[in-house]
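**Q** For the record, the sequence lines run as chains A and B.
Residue 4 is where the first sequence starts when you use the numbering used here, and the numbers rise one by one after that.
Residue 4 is where the second sequence starts when you use the numbering used here, and the numbers rise one by one after that.
Number of protein chains: 2
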Amino acid sequence: MKKRSLHPGTWLFPLPVALVSCGNMNTYNIITISWTGTICSDPPMCYISVRPERYSHQLLMDNPEFVINLANAPLTFASDWCGVKSGRDVNKFKDLKLTPMKAETLNCPIILESPINIECKITEVKKLGSHDMFIAKVTNVQVSDNLFADGAVVPNLKNAELISYLKTVYLSQGEQLGRSGFSIKK
Amino acid sequence: MKKRSLHPGTWLFPLPVALVSCGNMNTYNIITISWTGTICSDPPMCYISVRPERYSHQLLMDNPEFVINLANAPLTFASDWCGVKSGRDVNKFKDLKLTPMKAETLNCPIILESPINIECKITEVKKLGSHDMFIAKVTNVQVSDNLFADGAVVPNLKNAELISYLKTVYLSQGEQLGRSGFSIKK
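(1) List, in order along the chain, the chain A residues whose C-beta lies closer than 7 Å to that of C49/B?
(2) Counting contacts by CB-CB distance shorter than 9 Å, is I187/A in contact with chain B?
(3) Can you give the beta carbon distance from I125/A to P67/A, rounded, assuming they're within the 8 Å contact cut?
(4) Looking at the unbroken beta strand (DSSP E) that takes in A76/B, where does it start and where does it end?
(5) Please confirm whether D92/B has its beta-carbon closer than 9 Å to some beta-carbon of chain E.
(6) Is I166/B near L180/A, with beta carbons less than 9 Å apart?
(7) Check the Cβ-Cβ distances between H134/A and every residue of chain B, and say whether any is below 9 Å.
(8) Just to confirm the assignment: which complete alpha helix (DSSP H) runs, minimum length 4, are found wholly within the stretch 29 to 90 of chain A?
(9) Check the Cβ of D76/B against every Cβ in chain A and list those closer than 9 Å, keeping chain order.
(10) How far does the alpha helix (DSSP H) with K95/B in it extend, from its first residue to its last?
(11) Are there 16 or more other CB atoms within 10 angstroms of the CB of D45/A, so buried, or fewer, so exposed?
(12) Quick check on N110/B: buried or exposed, where buried means 16 or more other Cβ atoms within 10 Å of its Cβ?
(13) Would you mind working out which of F185/B, I71/B, Y31/B and R54/B sits nearest T142/B, comparing C-alpha positions?
(14) What are the boundary residues of the beta strand (DSSP E) that S167/A is part of?
(15) Which residues in chain B sit within 8 Å of P19/A, going by Cβ to Cβ distance?
(16) 9 Å is my cut-off, CB to CB: does T142/A come that close to chain B?
(17) Given a cut-off of 9 Å on the beta-carbon distance, is the pair I51/B and A76/B in contact?
(18) List the whole-angstrom C-beta distance separating T13/B from P47/A, where the pair is believed to meet the contact cut-off of C-beta under 8 Å.
(19) Here's the rule: buried if 16 or more other CB atoms are within 10 angstroms of the residue's CB, otherwise exposed. What is G86/A?
(20) Name the two residues that bound the continuous beta strand (DSSP E) containing M4/B.
(21) For A82/A, which of S37/A, R182/A, K188/A and G184/A has the nearest alpha-carbon?
(22) M64/B to A152/A, Cα distance in whole Å?
(23) Under a CB-based cut-off of 9 Å, is Y58/A close to chain B?
(24) Within the same chain, show all residues whose beta-carbon is closer than 6 Å to that of W84/B, passing over the 5 residues directly before and after it, in chain order.
(25) Here's the rule: buried if 16 or more other CB atoms are within 10 angstroms of the residue's CB, otherwise exposed. What is D135/A?
(26) Could you tell me which whole beta strand (DSSP E) segments of length 3 or greater appear in the stretch 134 to 173 of chain A?
(27) So which residues of chain B does K105/A contact, with C-beta pairs closer than 7 Å?
(28) For chain B, is any of its Cβ atoms less than 9 Å away from the one on E116/A?
(29) Sort out for me which residues DSSP pairs S186/B with in a bridge.
(30) N94/B: buried (16+ other C-beta within 10 angstroms of its C-beta) or exposed?
(31) Determine the chain B residues that contact C43/A at a beta-carbon separation under 8 Å, and present them in chain order.
(32) Tell me whether the beta-carbon of R91/A lies closer than 9 Å to the beta-carbon of T171/B.
(33) State buried or exposed for K105/A, treating a residue as buried only when at least 16 other CB atoms are found within 10 Å of its CB.
(34) Mapping the DSSP letters down to three states, classify E107/A as helix, strand or coil.
(35) For V20/A, which of helix, strand or coil comes out of DSSP?
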């Protein structure tokens with residue numbers, strides 16, 4: 004098994020596709036983020052890393068809140084477009100016909116069309132280099148009603164058909180290979 | 004489009020499946036990690052979040068280095084098993100017949116069988132609650148030779164058949180929906 008070494012770089016994939024909404028209910032934007040993840044289970048905490056020159060960076064500094072709206076297949080075009088266009092030039096919600104609905108715990112919109120909306124309050128901004136990391140607590144999670152089976156109180160994430168990002172390409176949801184814990188099931 | 008609110012929780016998926024190797028070349032372990040991500044492009048930086056009670060936590064404190072070994076489909080069983088078993092009780096490399104090869108820039112093993120090995124040096128440990136976040140710089144990346152097309156100097160990640168994790172299930176690589184930037188291509 005031969006290996007080659009690459010220059011140090013960003014090779015941790017596949018990643019969720021996060022349409023991050025930020026700002027307030029008057030001035031808001033969407034920015035597609037790859038550098039995001041969960042950093043703690045209890046309390047539930049997430050981060051997003053954003054370049055200081057991005058339009059959304061100032062919105063995040065002005066109102067320290069954001070929503071991670073996960074992208075499903077129908078949001079693939081929006082995900083790509085919100086990653087290359089700037090909120091300085093376009094109104095992304097309007098141009099993409101997406102619905103800004105006030106988050107339950109924030110003064111900032113969720114994207115109604117996204118199946119999962121993770122509402123976050125920023126607790127710290129960490130300067131790292133090209134990116135600033137916004138560390139946040141999860142304050143609420145909204146989930147589309149159609150992810151719940153009849154009578155279920157926990158949504159089935161597979162119904163969301165979430166997409167992922169593999170450095171240069173967007174991928175659909177793959178096939179199930181096993182359930183968590185299958186390796187020790189009798 | 005009706006929504007339901009859930010208790011604040013960890014709903015950011017799908018995620019890469021990271022078999023993290025740590026320790027030194029005498030005492031080492033593998034721990035499967037979901038809470039991982041890239042936090043900065045330049046310099047390239049990653050994190051992993053680990054519960055203090057985990058065996059690997061002490062190894063990370065003793066030698067502040069680790070390797071993120073990405074899991075492909077043949078490593079699905081190992082990924083699950085290394086997430087539920089403790090290195091206090093078993094020798095994971097030996098029991099799974101995985102090969103610990105010294106990292107190029109660390110005194111810690113990579114998992115040779117993983118297609119992508121991201122070598123990291125820890126720069127900071129941040130206590131958050133249930134998890135400590137280990138913030139790190141990427142010092143080298145090793146990639147299996149078979150990911151490179153003839154004459155290519157950049158690997159094609161799609162050839163790695165990386166798996167992902169969706170809260171309770173492991174998923175195979177999905178189908179390509181579009182290339183980065185497709186929304187503004189003429």
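Even for Gly, the Cβ is constructed at its ideal location relative to N, Cα and C.
**A** So, from the listed chains and residues:
(1) Per Cβ cutoff of 7 Å: L15.
(2) When Cβ-Cβ separations below 9 Å define contact, I187/A makes contact with chain B.
(3) Correct: roughly 4 Å between the Cβ atoms.
(4) Careful: A76/B lies outside any beta strand (DSSP E) and carries neither H nor E.
(5) Looking for chain E here will not work: the only protein chains present are A and B.
(6) Going by beta carbons, I166/B and L180/A fall inside the 9 Å limit.
(7) Using a Cβ-Cβ cut-off of 9 Å, H134/A counts as an interface residue toward chain B, since at least one Cβ of chain B sits closer than that to its own.
(8) As far as the stretch 29 to 90 of chain A is concerned, its whole alpha helix (DSSP H) runs of at least 4 residues are 58 to 65 and 79 to 87.
(9) According to the sequence shown, residue 76/B is Ala rather than Asp. Chain A residues near A76/B: L180.
(10) Where K95/B is concerned, the enclosing alpha helix (DSSP H) stretches over K95 to D98.
(11) By the neighbour-count rule (16 or more Cβ atoms within 10 Å), D45/A is not buried but exposed.
(12) Residue environment analysis places N110/B among the exposed positions, since fewer than 16 neighbouring C-beta atoms fall within 10 angstroms of its C-beta.
(13) Ranking F185/B, I71/B, Y31/B and R54/B by Cα distance to T142/B puts I71/B first.
(14) Here the beta strand (DSSP E) through S167/A covers S167 to L169.
(15) Within 8 Å Cβ-Cβ: L15, F16, P17 and L18.
(16) With 9 Å as the cut-off, T142/A counts as an interface residue toward chain B.
(17) A76/B sits away from I51/B, with the two beta carbons spaced by 9 Å or more.
(18) Confirmed, Cβ separation roughly 5 Å.
(19) Buried, because 16 or more other Cβ atoms sit within 10 Å of the Cβ of G86/A.
(20) Run containing M4/B: none; DSSP gives neither H nor E here.
(21) What sits at residue 82/A in the sequence shown is Ser, not Ala. When S37/A, R182/A, K188/A and G184/A are compared, the shortest CA-CA separation from S82/A is found for S37/A.
(22) Approximately 44 Å, taken between the alpha carbons.
(23) Not one beta carbon of chain B lies nearer than 9 Å to the beta carbon of Y58/A.
(24) When the five nearest sequence neighbours on each side are left out, no beta carbon in the same chain lies closer than 6 Å to the beta carbon of W84/B.
(25) Burial call: buried.
(26) You should have 135 to 147 and 167 to 169.
(27) Here the premise fails: no neighbours, minimum Cβ distance about 12 Å.
(28) Residue contact with chain B for E116/A: present (Cβ-Cβ distance below 9 Å to some residue of chain B).
(29) Looking at the DSSP output, S186/B bridges to nothing.
(30) Counting C-beta atoms within 10 angstroms of its own C-beta, N94/B has fewer than 16 neighbours from the protein chains shown and is therefore classed as exposed.
(31) In chain order: W38, S52, L131, G132, S133, H134 and M136.
(32) Taking 9 Å as the Cβ cut-off, R91/A and T171/B do not qualify as a contacting pair.
(33) Counting Cβ neighbours within 10 Å, K105/A comes out exposed, since fewer than 16 surround it.
(34) Three-state DSSP puts E107/A in coil, outside helix and strand.
(35) Here DSSP, grouped into helix, strand and coil, assigns V20/A to coil.
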